[in-house]
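Novice:
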Ligand SMILES: *[C@@H]1O[C@H](CO)[C@@H](O)[C@H](O)[C@H]1NC(C)=O
Ligand SMILES: *[C@@H]1O[C@H](CO)[C@@H](O)[C@H](O)[C@H]1NC(C)=O
Ligand SMILES: *[C@@H]1O[C@H](CO)[C@@H](O)[C@H](O)[C@H]1NC(C)=O
């Protein structure tokens, strides 16, 4: 899907690409209309189409993503604050490559083919705050490359095949300085085998340049080589894409994930885990994602959400759980979500028996949450009913009230009636035919109220 879209876009861009002779602000629009598709392919062909330039909140962006670029162009505006170069074909960052962009605050070079950064590649970028180099082919780099960047606060270099040898010593020391807490997180060694999978943040630098003899034993332990510490686990930072702009966003959609990845980055605001095959949410898997505002778990195979699965998501505003296999919510699952405003529940096989009551009561007690898709699919006599209506019959409203409610129709969040129901719950049930086997646990109901 993504590939197809990218291809389509490329074709579109290609065919619409104006073969400009001169570039000057006003002439451009006219040129775009006049000359079309006439350019001889091949000889000295311009490497790229125009980038997209825009302004947001007083800052200038130049979006040159997905354009097959191998370097920056001399005719780009220089007064930009954010340069987006993700998903191009850059291989080498040359000395002074960006030095004309003196106001640059962020530079996104992720998903290129960068294998070499020359020492003065970033010189002149005295305002740069964010540098994204993840998903490239870097094996080594020295601390020198960061020296021209006094303001650097965020550096992303994960999913590069770092060789943890002596040459990486100075860079590792820099990112391990405690005040550099957002530099180089999640980056891991790919070599040597004995260090594979270890985080640059955590490795013991003192051993890097000491022990260069092959097979040298550091700990003075017995003869045999230790097995490499490779853990087969899902790792968000190498499998998914992270974007810093316009706001920190983790895209793990359609990645064949079977569980929530470990190592979820902590500063993400929007997380897309949709279209995977995640079945089970365990406690505290989002505990570090404390800034998360939007979480998309749509189109998974969710059957079970354990209590405390959403612990720590204090600021979550929007959650999409549609297209899963959820039948009910376990008691307490929603307790951490103080600021939830939108909950999508469509296309789940909600079971209308007593176990669904927790969800309904929680929603009732959080009227600020707008939810959708809460429809019974089991047992057969309630299939297609709104779950709220089912709960009303369960609570034993008199048939006349029920009639009126149904006439008011779905989507009307009843006020007084619902208040009565909560009271009704603790008193007599069993006036109407009970649709379910289990008897409610009165103690739980009192806690809920
Ligand atoms: C969640 O992801 C699905 C599938 O990718 C998408 O259709 C849906 O709009 C997303 N939901 C939200 C709230 O963005
Ligand atoms: C969601 O899953 C359903 C059923 O597996 C599938 O038909 C649908 O195309 C998926 N939607 C997306 C957006 O992937
Ligand atoms: C959810 O599943 C339904 C039925 O399988 C499908 O029609 C719909 O496109 C899916 N929605 C999303 C967002 O994938």
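Numbering (mature numbering (1 follows the signal peptide of the UniProt record, and there is no 0)), first residue to last: -18 to -1, 1 to 431.
The C-beta atom is built at its ideal place from N, Cα and C for all residues, glycine as well.
For clarity, every value in this text was computed on a predicted model and none was experimentally measured.
Could you give the distance in angstroms between the alpha-carbon of residue 118 and the alpha-carbon of residue 191?
Specialist: Taking the chain shown and counting its residues from 1, the one referred to as residue 118 is at position 136. Taking the chain shown and counting its residues from 1, the one referred to as residue 191 is at position 209. If you take the alpha carbons of residue 118 and residue 191, they lie about 25 Å apart.
Novice: Hey, could you find the ends of the beta strand (DSSP E) residue 359 is sitting in?
Specialist: As a first step, residue 359 must be located in the chain shown, where it is residue number 377. Where residue 359 is concerned, the enclosing beta strand (DSSP E) stretches over 358 to 360.
Novice: Around the C-beta of residue 40, are 16 or more other C-beta atoms found within 10 angstroms, so that it is buried, or is it exposed?
Specialist: To locate residue 40, count along the chain shown from 1; it is residue 58. With fewer than 16 other Cβ atoms within 10 Å, it is exposed.
Novice: Which two residues bound the contiguous alpha helix (DSSP H) that contains residue 44?
Specialist: To locate residue 44, count along the chain shown from 1; it is residue 62. Where residue 44 is concerned, there is no enclosing alpha helix (DSSP H), although the beta strand (DSSP E) it sits in stretches over 41 to 45.
Novice: According to DSSP, is residue 4 helix, strand or coil?
Specialist: On the chain shown, position 22 is the one that residue 4 refers to. Reliability of the predicted coordinates at residue 4 is poor, the pLDDT of 38 falling under 50, and the value obtained from them is presented with this limitation in mind. Residue state, collapsed to three classes: coil.
Novice: Any heavy atom of ligand 1 closer than 6 Å to the CB of residue 280?
Specialist: In the chain shown, the residue the question calls residue 280 occupies position 298. Yes, the beta carbon of residue 280 sits closer than 6 Å to at least one heavy atom of ligand 1.
Novice: What are the uninterrupted segments assigned as beta strand (DSSP E) that are 3 or more residues long and contained completely in the region 138 to 199, given in chain order?
Specialist: If we require 3 residues or more, the beta strand (DSSP E) runs fully inside the region 138 to 199 come out as 171 to 173.
Novice: What residue range is occupied by the uninterrupted alpha helix (DSSP H) comprising residue 370?
Specialist: For the purposes of this step, residue 370 is taken as residue 388 along the chain shown, with counting starting at 1. Start and end: 369 to 376.
Novice: So what does DSSP say about residue 325, is it helix, strand or coil?
Specialist: In the chain shown, residue 325 corresponds to position 343, counting from 1. Residue state, collapsed to three classes: strand.
Novice: In terms of DSSP beta bridges, what is residue 38 paired with?
Specialist: The residue given as residue 38 occupies position 56 in the chain shown. Bridge partners of residue 38: 41.
Novice: Just to confirm, are residue 327 and residue 303 a CB contact at a threshold of 7 Å?
Specialist: Here residue 327 corresponds to residue number 345 of the chain shown, with the count starting at 1. Here residue 303 corresponds to residue number 321 of the chain shown, with the count starting at 1. Their beta carbons are under 7 Å apart, which means residue 327 touches residue 303 by this criterion.
Novice: Less than 6 Å between C-beta atoms, sequence neighbours within five positions excluded: which residues of the same chain meet that for residue 477?
Specialist: Because the chain is modelled from -18 through 431, residue 477 falls outside the range shown and cannot be assessed.
Novice: What would DSSP say about residue 336, mapped onto helix, strand or coil?
Specialist: Position 354 of the chain shown, counted from the first residue, corresponds to residue 336. Note: residue 336 maps to helix in three-state DSSP.
Novice: Out of 175, 125 and 285, point me to the one whose CA is closest to residue 162's CA.
Specialist: In the chain shown, the residue the question calls residue 162 occupies position 180. Here the closest residue by C-alpha is 125.
Novice: With a 10 Å radius around its C-beta and 16 neighbouring C-beta atoms as the bar for buried, classify residue 156 as buried or exposed.
Specialist: Numbered from 1 along the chain shown, position 174 holds the residue referred to as residue 156. Buried.
Novice: Take the Cβ of residue 307 as the centre, count every other Cβ of all protein chains shown within 10 Å, and call the residue buried at 16 or more, exposed below.
Specialist: Here residue 307 corresponds to residue number 325 of the chain shown, with the count starting at 1. Answer is exposed; the Cβ neighbour count stays below 16.
Novice: Quick one: what's got a C-beta closer than 7 Å to residue 283's C-beta in the same chain, skipping five residues either side?
Specialist: By 1-based counting over the chain shown, the position of residue 283 is 301. Cβ neighbours of residue 283 beyond the five flanking positions: 259, 260, 261, 306 and 307.
Novice: Taking just the CA atoms, how far does residue 60 sit from residue 221?
Specialist: Position 239 of the chain shown, counted from the start, is the residue given in the question as residue 221. Position 78 of the chain shown, counted from the start, is the residue given in the question as residue 60. For residue 221 and residue 60, the distance between alpha carbons rounds to 34 Å.
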